[in-house]
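Undergrad: Just passing along the structure, written as structure tokens.
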Amino acid sequence: MSDNFVQAIKAAEVSPGGMKAVELNGRELVVCNCGGSFHAIDRRCGHMNAPLEMGTLDGSILTCAMHCAQFDVITGEALSGPVPPYLGDETPPPRIGALLKNVGMLMQHIRTEPIATYKAKVESEWVWVAL
Amino acid sequence: MNIESRKKALRHFFAKLVEPMGFKFTPDAELAEFLLEQEVKLEVKHGVPFCPCQPIRRDRSRDMQIVCPCIPFHREHFDAMKRCWCGLFVHRDVTDPDSLPQMSAKEMGIE
Numbered sequence: 041m042s043d044n045f046v047q048a049i050k051a052a053e054v055s056p057g058g059m060k061a062v063e064l065n066g067r068e069l070v071v072c073n074c075g076g077s078f079h080a081i082d083r084r085c086g087h088m089n090a091p092l093e094m095g096t097l098d099g100s101i102l103t104c105a106m107h108c109a110q111f112d113v114i115t116g117e118a119l120s121g122p123v124p125p126y127l128g129d130e131t132p133p134p135r136i137g138a139l140l141k142n143v144g145m146l147m148q149h150i151r152t153e154p155i156a157t158y159k160a161k162v163e164s165e166w167v168w169v170a171l
Numbered sequence: 017m018n019i020e021s022r023k024k025a026l027r028h029f030f031a032k033l034v035e036p037m038g039f040k041f042t043p044d045a046e047l048a049e050f051l052l053e054q055e056v057k058l059e060v061k062h063g064v065p066f067c068p069c070q071p072i073r074r075d076r077s078r079d080m081q082i083v084c085p086c087i088p089f090h091r092e093h094f095d096a097m098k099r100c101w102c103g104l105f106v107h108r109d110v111t112d113p114d115s116l117p118q119m120s121a122k123e124m125g126i127e
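Structure (structure tokens):
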């Protein structure tokens, strides 16, 4: 990780527990405010590339809005994969079952990868991110 | 996925849910670690962290009542025992979890 800090966003624009997407040097990032401590991560979910700022941030744990995969925004670690729409042993309704069977075949090979993290600091009311 | 990291995440979310209900994690750290690990394994298999000490019946309405922390679904029973069924959570005032018996609701005269 380099220490080439780039001005990203005004710190006041991201409340504690909030997130905001920014584009820095052509790179899509999300600036997260974990109770006053700022962190920056890649914008795309490590599961299926959903925009992570649409999710929720609880402490340092980000839950993706699309399939509820969870990540630690400090380490970038994937904490859980997607939550399945039906429990493993359950029989979904027939129409949905057929759809899920096909989708499931495609999705079973998709791994949840960790996301990249970037150093962030607040200076002169701005959040700076190291790219 | 790293089991230890997932355990930490479950601790984070569970604490927020059980504390307002008057419960806390058991002071028996070894037991808590073991039970959380089993829950992580169940979550990997089924998609949700079921209670590791109750049977999965393949009946959604019943199975959803054993998703950890299942305290709201068994409130009267667990309050009487001062612990949840598997012992991961105990009443806030409990310091000696080994002294709490694991008794069915029927044995306790609740059902």
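First to last, the protein sequences are chains F and D.
Going by my numbering, 165 is the number at position 125 of the first sequence; the sequence numbering is gapless.
Going by my numbering, 34 is the number at position 18 of the second sequence; the sequence numbering is gapless.
Cβ coordinates follow ideal geometry from the N, Cα and C atoms, glycine included.
Small disclaimer: the values here were computed from a predicted structure and weren't measured.
Consult DSSP for V64 (chain D) and reduce its assignment to one of helix, strand or coil.
TA: Note: V64 (chain D) maps to coil in three-state DSSP.
Undergrad: Determine whether the beta carbon atoms of H90 (chain D) and K98 (chain D) lie at a separation below 8 Å.
TA: Going by C-beta atoms, H90 (chain D) is not nearer than 8 Å to K98 (chain D).
Undergrad: Starting from the N-terminal side, write out each stretch of the beta strand (DSSP E) that is 3 residues or longer and does not extend beyond the region 78-110 of chain F.
TA: List check, beta strand (DSSP E) in window: 96-98 and 101-103.
Undergrad: Any idea what DSSP makes of R108 (chain D), helix, strand or coil?
TA: In this structure, R108 (chain D) counts as coil in the three-state DSSP scheme.
Undergrad: For a contact meaning CB atoms closer than 9 Å, what does D112 (chain F) contact in chain D?
TA: Within 9 Å Cβ-Cβ: S21, K24 and A25.
Undergrad: For L69 (chain F), does the three-state DSSP call read helix, strand or coil?
TA: Three-state result, L69 (chain F): strand.
Undergrad: Run through chain D and tell me which residues come within less than 8 Å of A105 (chain F), C-beta to C-beta.
TA: Those do not exist, as A105 (chain F) stays about 17 Å from chain D at its closest Cβ, beyond 8 Å.
Undergrad: Only counting the same chain, and skipping five residues up and downstream in sequence, which positions put a Cβ closer than 7 Å to that of L58 (chain D)?
TA: Cβ within range, chain order: P65, F66 and P68.
Undergrad: Span of the alpha helix (DSSP H) holding A25 (chain D)?
TA: Counting along the chain, the alpha helix (DSSP H) containing A25 (chain D) begins and ends at I19 to V34.
Undergrad: Ignoring anything shorter than 4 residues or poking outside the region 115-140 of chain F, list the alpha helix (DSSP H) runs there in chain order.
TA: Taking only runs of at least 4 residues, no alpha helix (DSSP H) segment lies wholly in the region 115-140 of chain F.
Undergrad: Can you round the beta-carbon distance between G86 (chain F) and I150 (chain F) to whole angstroms, since I take them to be within the 8 Å contact cut?
TA: Incorrect: roughly 10 Å between the Cβ atoms, too far for contact.
Undergrad: Starting from A160 (chain F), trace the beta strand (DSSP E) both ways and give me its first and last residue.
TA: Where A160 (chain F) is concerned, the enclosing beta strand (DSSP E) stretches over A160 to E163.
Undergrad: Which chain F residues sit within Cβ distance under 9 Å of V64 (chain D)?
TA: Here the neighbours are V123, P124 and L127.
Undergrad: Would you check if the distance between the CB atom of H107 (chain F) and the CB atom of P91 (chain F) is smaller than 8 Å?
TA: Going by C-beta atoms, H107 (chain F) is not nearer than 8 Å to P91 (chain F).
Undergrad: Along the chain, where does the beta strand (DSSP E) that runs through M124 (chain D) open and close?
TA: No beta strand (DSSP E) contains M124 (chain D), which DSSP labels as neither H nor E.
Undergrad: Once DSSP output is grouped into helix, strand and coil, what is the label at E53 (chain D)?
TA: In this structure, E53 (chain D) counts as helix in the three-state DSSP scheme.
Undergrad: Using the C-alpha atoms, what's the distance from L26 (chain D) back to H79 (chain F)?
TA: Roughly 21 Å separates the two Cα atoms.
Undergrad: Keeping to the same chain, check which residues put their C-beta closer than 6 Å to that of F94 (chain D); ignore five residues upstream and five downstream.
TA: Excluding positions up to five away in sequence, the list reads I87 and C100.
Undergrad: Whose Cβ in chain F lies nearer than 7 Å to the Cβ of D44 (chain D)?
TA: In chain order: nothing, as chain F lies at least about 24 Å away.
Undergrad: Residues in the same chain with beta-carbon distance under 7 Å from R73 (chain D), minus the five sequence neighbours each way, listed in chain order, please.
TA: Answer for R73 (chain D): D79, listed in chain order.
Undergrad: Quick one: give me the first and last residue of the beta strand (DSSP E) that E63 (chain F) is part of.
TA: It spans M59 to L64 - the beta strand (DSSP E) in which E63 (chain F) sits, taken as one unbroken run.
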